[in-house]
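Engineer: Take a look at this one; I'll ask things after.
If you want it as structure tokens, here you go:
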């Protein structure tokens, strides 16, 4: 599965119809699953996908996120996934931070949300990817 | 990362190069401050004061200022001062003294038993004075003239005015020695000052349901689809400061918060027609069916004044049930240039909700902090100010802090998501990566609320007993309350998410009548 993801990534769909920019990645690893900010983000997305109030329903529709139980949002600790996610994120936001570990949230079985700069003051660019990290579906300020 | 203005401008131009040509002119990187809304000023004012000199000779006459243009009358203080000199020959018939007489004049005994050469003031058919002239002394006895220097009175007067002096001292019926000699000479004059009192319009609202009155702002029960709360009676009364001044209502207006709110069964506020006419009554009982502003123009003691009362629905968050807090929170959006179509011009602004701790009855208000140099549409900047005692004037307590989100949240735009212009980790604006702005708090917003409520981090506020304190976010349509101990996105739950313009109320609120409880925003007159 991981190989499939990597192959798919390297085959390089042109995101947003713009030339794909790839950035070399260090061995960045993943943000620790116990990291306070990571847990906050996980909880935030957990609420977003699981709450039934109309605001959350609209947010999910806007962001293209599924309606699933809170527990199906998990923090990835798979370093291979995180390395792929890091490269995909850098390409998506067009800013290389190859040595910064990304926070990779697995959203159910279909999507990932990748975030860098999780300690930023106001917010950060969150990028929603498909399962293969080949399509950056949405960039969110959250 | 924080960039200097020049570098930021270069980066900004680079970022925009793809989609537009960067001009030689500096891009607006600072907001254009706008004046904050204010209520009509409460100003004491008075008609002009006039001074006259009434000659000592009996029968003297002066025309005083006319107030016939004010049928309701004008309350004035009339002051008559200084003394006139009455010289008398020792052979004179009734009065043989030479005296300096006050406004009451001199006492004529014998068959007259009256004061002469005293001053009287006349307005319309009302006469004032002359004051007594027969003055008591100690030990008991009588001085036959007014020894006082000043006579003053205050009264509501109408129409044309005049000052007259009663006749000179009489003489005997012929033959009288005064037919052949000069018995009396009258010299000098008395000063007459006519001073209308200063006053102000003091508009009051009486809320019948709860039997209470308010000025400037009235918070009432939210409008709900029930007989009790769908329409509520508020009586607006033109009163005066100080009390008891003549007042004439000139006009009233009711500006509803949202004229496009659905009529429904309950319709809009019903103002009795005479209350909106050119000569309205002083008190108007209004069947109020939405929030708005009642604005009254009235003449108080001859001077036109304006006063207004803003009607709000009360909200579940007590701190928001303050007039200044609401008006100034909405003004924060203006100070952020929140409606500027150039997204790069917008800057989040931080504010504190503070209260004077020593002045009795002091109300909370909003203290807006300067925009950080690197603030933008998405961030308050790299140097937010923690709410500590050192951040506010002495004897001031911070009750809460907050900031605004000068953007349209994604779920309030019918056309779809609204994209923001945010800096990436390098500090660049990247128009190719304009993110979708989520309404409510970002993770960083929640972090700040948690950290600044942490006694280990915000030790000074903790020592002052200020913790815990909530924080607020205001955006185009909503106010979010971030409460201590809650989680990211909890600010979107009922009780934490308040639609201040009621265009996008909490979808779970099926009780409140749609768009009837928006916050009316006052504008600079």
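Protein chains in written order, with this note's numbering: chain U, 34 to 175; chain F, 201 to 725. Glycine residues also receive a C-beta, built at the ideal position from the N, C-alpha and C atoms. The model shown is predicted, which means the values in this text are computed figures rather than measured ones.
Is residue 77/U buried or exposed, if buried means 16 or more other CB atoms sit within 10 Å of its CB?
Structural biologist: buried
Engineer: I need the straight-line Cα distance from residue 608/F to residue 413/F, nearest angstrom please.
Structural biologist: 37 Å
Engineer: Sort out for me which residues DSSP pairs residue 391/F with in a bridge.
Structural biologist: 253/F, 281/F
Engineer: Any contact between the region 570 to 590 of chain F and the region 536 to 549 of chain F? By contact I mean 3 or more CB pairs, one from each, below 8 Å.
Structural biologist: yes
Engineer: Please give the ranges of any beta strand (DSSP E) in the region 333 to 360 of chain F, keeping only runs that are unbroken, at least 3 residues long and fully inside the region.
Structural biologist: 350 to 357
Engineer: How far does the beta strand (DSSP E) with residue 69/U in it reach, from first residue to last?
Structural biologist: That residue, residue 69/U, is in no beta strand (DSSP E); its alpha helix (DSSP H) goes 69 to 83.
Engineer: Alpha carbon to alpha carbon, what distance is there between residue 406/F and residue 463/F?
Structural biologist: 25 Å
Engineer: Residues of chain F with CB under 8 Å from residue 149/U, in chain order?
Structural biologist: Within 8 Å Cβ-Cβ: 625.
Engineer: Suppose you measure from the CA of residue 698/F to the CA of residue 142/U; what does that come to, to the nearest Å?
Structural biologist: 34 Å
Engineer: Would you call the CB atoms of residue 95/U and residue 636/F closer than 8 Å?
Structural biologist: yes
Engineer: Give a yes or no on whether the C-beta atoms belonging to residue 453/F and residue 400/F are separated by under 8 Å.
Structural biologist: In this structure, residue 453/F lies away from residue 400/F, with their beta-carbon atoms at least 8 Å apart.
Engineer: Give me the chain F residues within the contact set of residue 173/U, using Cβ-Cβ distance strictly less than 7 Å, ordered along the chain.
Structural biologist: 635, 636, 638
Engineer: I'd like to confirm the pairing. Which residues does DSSP put opposite residue 275/F in its beta bridges?
Structural biologist: Looking at the DSSP assignment, residue 275/F forms a beta bridge with 356/F.
Engineer: Comparing the C-beta of residue 67/U with each C-beta of chain F, is any distance below 8 Å?
Structural biologist: no
Engineer: Could you tell me the alpha carbon to alpha carbon distance between residue 272/F and residue 357/F, rounded to whole angstroms?
Structural biologist: 9 Å
Engineer: Secondary structure at residue 164/U, three-state DSSP: helix, strand or coil?
Structural biologist: coil
Engineer: Would you please verify whether the beta carbon of residue 687/F is less than 8 Å from any beta carbon of chain U?
Structural biologist: Judged by the 8 Å Cβ criterion, residue 687/F is in contact with chain U.
Engineer: I'd like the span of the beta strand (DSSP E) that includes residue 583/F, first residue to last.
Structural biologist: Run containing residue 583/F: none; DSSP gives neither H nor E here.
Engineer: Determine, for residue 580/F, whether the minimum Cβ-Cβ distance to residues of chain U falls below 8 Å.
Structural biologist: yes
Engineer: Helix or strand or just coil, what does DSSP make of residue 476/F?
Structural biologist: helix
Engineer: Please identify the residue among 305/F, 645/F, 493/F whose C-alpha is closest to the C-alpha of residue 550/F.
Structural biologist: 645/F
Engineer: Determine the DSSP secondary structure at residue 172/U, reduced to helix, strand or coil.
Structural biologist: strand
Engineer: Can you find a C-beta in chain F that's less than 8 Å from the C-beta of residue 107/U?
Structural biologist: Residue 107/U has a beta carbon lying at 8 Å or more from every beta carbon in chain F.
Engineer: Compute the distance between the beta-carbons of residue 59/U and residue 129/U, then report whether it is under 8 Å.
Structural biologist: No. Outside cutoff.
Engineer: Can you check which of these residues, 681/F, 479/F, 587/F, 301/F, is closest to residue 387/F by C-alpha distance?
Structural biologist: 301/F
Engineer: Can you name the residues of chain F whose CB is closer than 8 Å to the CB of residue 80/U?
Structural biologist: 687, 688, 689, 690
Engineer: Taking Cβ-Cβ distances below 9 Å as the criterion, which residues of the region 92 to 106 of chain U are in contact with chain F?
Structural biologist: 92, 94, 95, 96
Engineer: Grouping DSSP H, G and I as helix and E and B as strand, with all else coil, what is residue 675/F?
Structural biologist: coil
Engineer: Looking at chain U, is there any beta carbon in it that lies within less than 8 Å of the beta carbon of residue 475/F?
Structural biologist: no
Engineer: Applying the criterion that 16 or more other CB atoms from any shown protein chain within 10 Å of the CB defines a buried residue, is residue 199/F buried or exposed?
Structural biologist: The requested residue 199/F is not part of the displayed model; chain F covers only 201 to 725.
Engineer: Cα-Cα, which of 353/F, 245/F, 326/F, 369/F is closest to residue 287/F?
Structural biologist: The shortest C-alpha separation from residue 287/F is found at 369/F.
Engineer: Cα separation between residue 447/F and residue 481/F?
Structural biologist: 10 Å
Engineer: Roughly how many angstroms lie between the CA atoms of residue 65/U and residue 71/U, to the nearest whole one?
Structural biologist: 8 Å
Engineer: Would DSSP call residue 86/U helix, strand or coil?
Structural biologist: coil
Engineer: Pick out whichever of 638/F, 647/F, 335/F has its Cα sitting closest to the Cα of residue 676/F.
Structural biologist: Considering only alpha carbons, the answer is 638/F.
Engineer: Checking 8 Å against the spacing of the C-beta atoms, do residue 489/F and residue 716/F come in under that value?
Structural biologist: yes
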